[in-house]
Structures are given as structure tokens and as C-alpha cells.
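A.B. asks: Quick note, the sequences are listed as chains A and B, same order. Here the first sequence is numbered in the working numbering, starting from 4 and rising by one per residue. Here the second sequence is numbered in the working numbering, starting from 51 and rising by one per residue. C-beta atoms are modelled at their ideal positions from N, C-alpha and C, and glycine is treated no differently.
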Amino acid sequence: MTKMASTENKVIISALYDDDDILLKGVKSVKAQGYHIEEVYSPFPIHGLDPAMGLKPTRMAITAFIYGVLGLATSIALSYGMMIVDWPMNIGGKPSFTWGENMPAFVPIMFELTVFFAAHLMVWTYFFRNGLFPGRSAQNPDPRTTDDKFLMEVELGRKGSKEELLSLLKDSGAIEINENSK
Amino acid sequence: MHYEAPIREPLINGEKSYHDITVDVARPVETKAPRMWWIVFSLALITFLWGVGCILYTIGVGIGTWGLNKTVGWAWDITNFVWWVGIGHAGTLISAVLLLFRQKWRMSINRSAEAMTIFSVIQAALFPGIHMGRIWLAYFVFPIPNQFGSLWVNFNSPLLWDVFAISTYFSVSVVFWYVGLIPDFAMIRDRAVRPVTQHIYKLLSFGWGGKAKHWQRFEEVSLVLAGLATPLVLSVHTIVSMDFATSVIPGWHTTIFPPYFVAGAIFSGFAMVNTLLIIVRKVFNMEDYITIGHIEMMNIIIMLTGSIVGVAYITELFIAWYSGVEYEQYAFLNRATGPYWWAYWSMMTCNVFSPQFMWFKKLRTSLIFSFIISIVVNIGMWFERFVIIVTSLHRDYLPSSWSMFSPTFVDIGIFLGTIGFFFVLFLLYARTFPVIAQAELKTILKSSGENYKKLHDKDGQH
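See the structure below:
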């Protein structure tokens, strides 16, 4: 394989833990030494892990809000187009000349479409951003991380020494340490 | 961080580790089905096929095969529809409302409760479909021009609101359920030995790997979906009740219907969750996860919502008297003392009287008693819908057209068929899906697991 001159092969040290609290302490100590944590694989969400790793808050909720507004706009367009513009109907003498007068009867549909759009489109976004789709091969390198093990991948930066990092990981309570390159 | 008051009962019993949870949840999927499963499954399948036969007969011949007549135009079909939708509500309530209220006991029951929601909404959706008579024109309910000409659906109609409400509810529930299932499917995939199993669960798990960023998104998506599903579940039965409440039939035309229907829905749904889980915990040896404490919590909710329903029944009677409208008064007098008095009093006994036993701790922590009450409640809630629908219709303004309703074998067959279909789906689910949300459950092991709680007590530290 040819390699561009400016990029180097990343050396990744992966450390396996068997407890979430020990992992979290490990993440903090590795981070404190200035290493970059490439990834953490865990069988369940660990509270306090994302700030410790330096992850930014997710924007999923914002997308849901935008999709919800889109759903609301769709329901207004549907009810206005069908009930007011294209084919106004006199139903039991209910006001049907302007959308505003008729609006109370449209509230249920407006609500349902807001929820429909917000929920479905947010979940599509979630799948897309996470790269999840049927048939995708497992993203976790070690199958034990969906059971009871926790895997931390640390990038050995240009200035870091390998021995130092290995002993740091060992001291933090890792039960297995492996080296691989990406 | 991992601390919960020692006075709270543990939510996970026994000496469990993370790995034990994995093994216990994966066991039903990885082992062969017991003989009892095959027996119950066959029974459910036969009932389902009988129902399919009755549905095909209805579609072929027309809804004249049902016991409907000119006066009683809605009977078992709409009763069953409302009953099944109501049962569905508990699943969303457990997974969404209890998530918002941070009720951790939801975690070992939410998966099965949501499965119940989805399977019962499927049953519910069948009834309006076949009640149309000409099911091949079912696309009329979608916002496309009828006959592809220029006439649209009527956005003023509660029946159309219902179409939107049920389809949003069903599809959002499926998505909510599936987002939670993905990490658990990944767990089964990573344990799978046989290539076929590996392949199936690889497809189902979408490649989930449990990356930190993905878990962060997972939690936020779950929270937002819960926030969306909470008003959604309340809107669904509200809109179902508007099918009745916006009409001008005495007995239907009441403003109390939306809250009363929602309380009734939660009531019957929790009863069904109890029915299913008391069996599931026994058959799959999941007593350590679905504890007596869980059953007790659900019994308390049954008691509370049953009492709300009771207050609603009495309010209805009071308002009928207080309104001074003689037709309204007659509708309620006729319910309680007319020819359908037995349905009314079955409803009262099952829904208002029987949940009051749950005030006694001894009774609400007894599995046998809880199981019996859960069945009684579901019978009662079926009668409630029957009472509302049939007794309000069978004696209308013109005494010469008063009549009674008696179901034909087709009515009964379709109803039993949906029960069969429901159990076919649930039994298949129980053997192929992780029945407990194990990833979520692992997050509370250290705060609510029995062994960890003991450890905290002994060390006296948090």
C-alpha cells in the first residue's frame, strides 16, 4: 500500500476492562496524561463517560425539533390545500371558509403529523449518523464488549512513549492490552 | 454515583453479574422451545386460522354475516377495536412515561410491554379495516383524492383523526421498540454459534457496536422518543373516544370521555402486562428480574386507574341526572336496569370493585391473585366498551326500532381469532427476541442489584 507522506499510520493501543467504574477511572487518567481516546466500546451506556472522553453533546434533539416543525407545516399545507382551497365542504354548518376558522378541527392531525415526522426522521438520522443499517457487520472489534467487557482504544500520539502508555493502562486496571494500527 | 437508598427493594435479585444478565436474557433465544410452548403455540395458531376464515367469510359475503341490525350498527367489531387499542396503551406508558419519571423498575418489563403494544395495535387495526365492508377501498382513508378525482378525506372527522392517530402510534411504537432492541440483538449476535443465527442477528442488529458516541445518541433519542410518545399515547385514546364523544348519541355525547378512556386504557393495558409477565417470568426463569415488587407496582397502577375509571362511571351517572336531558337520563337508566343490566353490572364488578382488593399488600403481592384479577379486569374492560357501544345504540329515539344485539359465530370467531393472532405473535417474539432490555438493565445493576445493595450496606459507603 502506498502512503501519503503527510499521514502516518496511527498506532492504537486497546485496553480491555471488566468493570465500568474501573474503565471510567482509566479513561480519566489516560485523558489526564494528554492522550487521545479513539473509541470506547461498552455493553451499555456509561454515565459520565462522554464528558470524560471529551465528546460534544449530541444534537439529536435539535434534529427532532426541526423535523417536528416540518411535520406541522406539512399538516397545515395538507389541511389548507384539501379543505379550504381545493374542495371546501359544508359539514354540519361548521365554518369552512378560512383555515383559521376551521383550525380547531385540524388540531389532532397537526399534532399527529408533528410527532410522526419528528420521531421517524430523527430515528432515520440516528441510523444514518451511527452508520447502522441491516446487514452491516459488527462495529465492535471484540464480541465480548456487548456482554460484560469494556474496550478503550487509545491513540499513541507522535510524542507519547509506548512503554509509558502501556504501564499507565496496566495500572488503571486493564485486564488485556493489545496493539494494532489503523 | 451508584447509590440507591437501602430501604428500596432491589430490582434485580440474586448474585448477578453483567455476564449473568447476558446469559439469562439470551437463554430463551438460544435454547429449544419447551413442549408447553408448542402446545400453546398450536392452540393460538388454530384459533388464529379460524379467525382468518371468519374474516375471509366476512369479506366475501359482507358484514351481514355479523349480528348487526339497523339499530345496532356498531357492536363487537368496534368493541374489540377499542379494547385492543386500550390494551396497547400500557406498553407505551411503561416505556415512555415511566422513562420520563425515571422509574427504573420499568427496565425489566418495558420490552415485553412494548411488544404487547405493537401486537395489540395490529389486532385493533384489523377491525376498522374489515368493518368498512369493502376493504379493497381502504385507501380512501389516506389523504389522496377519492377515486383519484377531486374529493379529499375530511380533516374534520374524528374517524380520520383516528386513522392518523393509530398509524402514528403504531409506527412510532415500532421505531421506539426497535431502537431499544438493536443493542440487545447485537448481544445475541456476538454470542451466536450457529452461522444461521449469526446471520439473522447480524441483519437485525444493524451492526451495532456500542461506541461511546452511539450510546450518547441512543440515550438522547430514547429520551426524545419518550417525550414524543407520552402525549402521543394520551392523544390516541382521546381521539378514539372522540369517535363517540363528537356524535350526538345520548350516552356517547359526553366531555368526560377522553380522560375516562385514557384511564381505562392504561387500566386494561397494565392488566394484560400482568397476565403476560406472570407467565413469562415463570416459564423463562426470570423471577430475579421481574420480581414480586414489579408485579406489585403494576397492581398499584391497576388499583389507581381502576378507581379513576370508577369515578368516571359515577360522574357519568351524576351528569346524566344533573343535565336534565331526559334522553341522556334514560340512556344511563337503561344501561343499569335495562335488558343489558348484566353487562353493566359485570363491568362495574370487574372494573371498579375487583381492583379494590389491591389495597391489601398480601393480595397485591400474591401471584395467583394478581393473575386472576388481571384476567377479570380485561373481561371488565371488554364489557365497558360493549356497554358504551351497544347499550347506547340499541334503544334509540324511536321505540319501534328498539332491538337487541346477538353475535353470530362470525363475530365470535373474529374476536377469538385476534386473541389467537396476538398470542401467535407474542409467543414467536418470546422465543426469538431478547425479552428484557438487558443493556438498560445492566446500567442499574450496581445501584439496584441485590448483591450490590448488600455490599453498600456492609461497607457503609456510597
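Which residues does DSSP pair with A/M155 in a beta bridge?
C.D. replies: Looking at the DSSP assignment, A/M155 forms a beta bridge with A/A18, A/V43.
A.B. asks: Under 6 Å Cβ to Cβ from B/P38, same chain only, skipping five residues before and after it: list those, please.
C.D. replies: The structure shown does not extend to residue 38 of chain B, since chain B spans only 51 to 512, so no value can be given for it.
A.B. asks: Does the contact criterion of 3 or more C-beta pairs under 8 Å hold for the stretch 357 to 365 of chain B versus the stretch 391 to 410 of chain B?
C.D. replies: Yes, since at least three Cβ pairs between the stretch 357 to 365 of chain B and the stretch 391 to 410 of chain B fall closer than 8 Å, the two stretches touch.
A.B. asks: Measuring only the C-alpha atoms, how far is B/I369 from B/A381?
C.D. replies: Going from the Cα of B/I369 to the Cα of B/A381 covers about 12 Å.
A.B. asks: Whole angstroms are fine: how far does the CA of A/K13 sit from the CA of A/M4?
C.D. replies: Unreliable positioning characterises A/M4 in this predicted model, as indicated by a pLDDT of 41, which lies under 50. The coordinate reading is nonetheless provided below. Those two C-alpha atoms are separated by around 15 Å.
A.B. asks: How would you write the range of the alpha helix (DSSP H) that B/A393 sits in, first residue to last?
C.D. replies: 391 to 398 is the span of the alpha helix (DSSP H), which, as asked, contains B/A393.
A.B. asks: Out of B/L448, B/F465, B/F256, which has the shortest C-alpha to C-alpha gap to A/G138?
C.D. replies: Of the listed residues, the one whose Cα sits closest to A/G138 is B/F256.
A.B. asks: Going along the stretch 113 to 124 of chain A in order, which residues come within less than 8 Å of chain B, judged by CB to CB distance?
C.D. replies: From the stretch 113 to 124 of chain A, only F114, E115, L116, V118, F119, A121, A122, H123 have a Cβ closer than 8 Å to chain B.
A.B. asks: For B/C104, collect the residues of the same chain with a Cβ closer than 7 Å to its Cβ; drop the 5 residues on either side in sequence, then sort them by chain order.
C.D. replies: Taken in chain order, the residues that qualify are V460, G463, I464, G467.
A.B. asks: Could you say which of B/V330, B/I423, B/S416, B/F436 lies nearest to B/V485 if we only look at CA atoms?
C.D. replies: Out of B/V330, B/I423, B/S416, B/F436, B/V330 has the C-alpha closest to the C-alpha of B/V485.
A.B. asks: Taking Cβ-Cβ distances below 8 Å as the criterion, which residues of the stretch 136 to 170 of chain B are in contact with chain A?
C.D. replies: Listed by position along the chain: nothing, the set is empty.
A.B. asks: Quick check on B/G110: does DSSP put it in helix, strand or coil?
C.D. replies: Note: B/G110 maps to helix in three-state DSSP.
A.B. asks: Name the DSSP bridge partner or partners of B/G499?
C.D. replies: DSSP output for B/G499 lists B/I62 as bridge partner(s).
A.B. asks: If you measure between the beta carbons of B/N324 and B/I345, is that distance less than 9 Å?
C.D. replies: A contact, by the Cβ cut-off of 9 Å.
A.B. asks: Does the pairing of the stretch 139 to 156 of chain B with the stretch 306 to 321 of chain B give three or more beta-carbon distances under 8 Å?
C.D. replies: The stretch 139 to 156 of chain B is in contact with the stretch 306 to 321 of chain B.
A.B. asks: Whole angstroms are fine: how far does the CA of A/G74 sit from the CA of A/A67?
C.D. replies: Spanning the two alpha carbons is a distance of roughly 10 Å.
A.B. asks: Going by DSSP in three states, B/K261 sits in which element: helix, strand or coil?
C.D. replies: Strand, per DSSP.
A.B. asks: Considering only the beta carbon of each residue, do B/I429 and B/T129 sit closer than 9 Å?
C.D. replies: No. Outside cutoff.
A.B. asks: Relative to the ligand FAD, is the shortest distance from any of its heavy atoms to the C-beta of B/V135 smaller than 8 Å?
C.D. replies: Ligands displayed in this structure: none; no statement on the ligand FAD is therefore possible.
A.B. asks: Does the distance from the CB of B/A393 to the CB of B/F433 come in under 9 Å?
C.D. replies: A contact, by the Cβ cut-off of 9 Å.
A.B. asks: Would you tell me roughly how many angstroms separate the C-alpha atoms of B/S451 and B/Y372, rounded to the nearest one?
C.D. replies: One C-alpha to the other measures close to 28 Å.
A.B. asks: Exposed or buried, which one is B/K82 when buried takes at least 16 other CB atoms within 10 Å?
C.D. replies: When all chains shown are included, B/K82 counts as exposed.
A.B. asks: Scan the stretch 184 to 252 of chain B and note each continuous alpha helix (DSSP H) run of 4 residues or more that stays entirely inside, going in chain order.
C.D. replies: List check, alpha helix (DSSP H) in window: 208 to 241.
A.B. asks: Helix, strand or coil for B/I352, going by three-state DSSP, please let me know.
C.D. replies: Correct three-state label for B/I352: helix.
A.B. asks: Nearest by alpha-carbon distance to A/L135: which of B/D74, B/P233, B/H249 is it?
C.D. replies: Closest by alpha carbon: B/P233.
A.B. asks: Thinking just about the alpha-carbon of each residue, which of A/F119, A/L159, A/W90, A/S170 is nearest to the one in B/N204?
C.D. replies: Comparing Cα-Cα distances from B/N204 to each of A/F119, A/L159, A/W90, A/S170, the minimum goes to A/W90.
A.B. asks: By the 10 Å Cβ neighbour count, where 16 or more other Cβ atoms means buried, how is B/A279 classified, buried or exposed?
C.D. replies: B/A279 should be labelled buried.
A.B. asks: Using a Cβ-Cβ cut-off of 9 Å, state whether B/W227 counts as contacting chain A.
C.D. replies: Chain A contact via Cβ: absent.
A.B. asks: If you measure from the beta carbon of A/S140 to each beta carbon in chain B, is any gap under 9 Å?
C.D. replies: For A/S140, the answer is yes, since a Cβ of chain B falls inside 9 Å of its Cβ.
A.B. asks: Which residues in the same chain have their Cβ closer than 8 Å to the Cβ of B/G183, if we skip the five residues on either side of it in sequence?
C.D. replies: Cβ within range, chain order: G112, I113.
A.B. asks: Distance check for B/A487 and B/S162, CA to CA, integer angstroms please.
C.D. replies: One C-alpha to the other measures close to 9 Å.
A.B. asks: Taking the C-alpha atoms as reference points, what is the distance between B/V213 and B/K411?
C.D. replies: Each residue's Cα considered, the two are about 42 Å apart.
A.B. asks: Under 9 Å between C-beta atoms, does B/E490 make it to chain A?
C.D. replies: Chain A, which has a Cβ nearer than 9 Å to the Cβ of B/E490, makes this yes.
A.B. asks: If A/F47 and B/K261 are in contact, beta carbons under 8 Å, what's the gap, nearest whole angstrom?
C.D. replies: So it is not a contact: roughly 13 Å between Cβ atoms.
A.B. asks: Starting from B/T481, follow the alpha helix (DSSP H) in both directions and report where the run begins and ends.
C.D. replies: Contrary to the premise, residue 481 of chain B reads as Arg rather than Thr in this sequence. That run of the alpha helix (DSSP H) goes 459 to 482.
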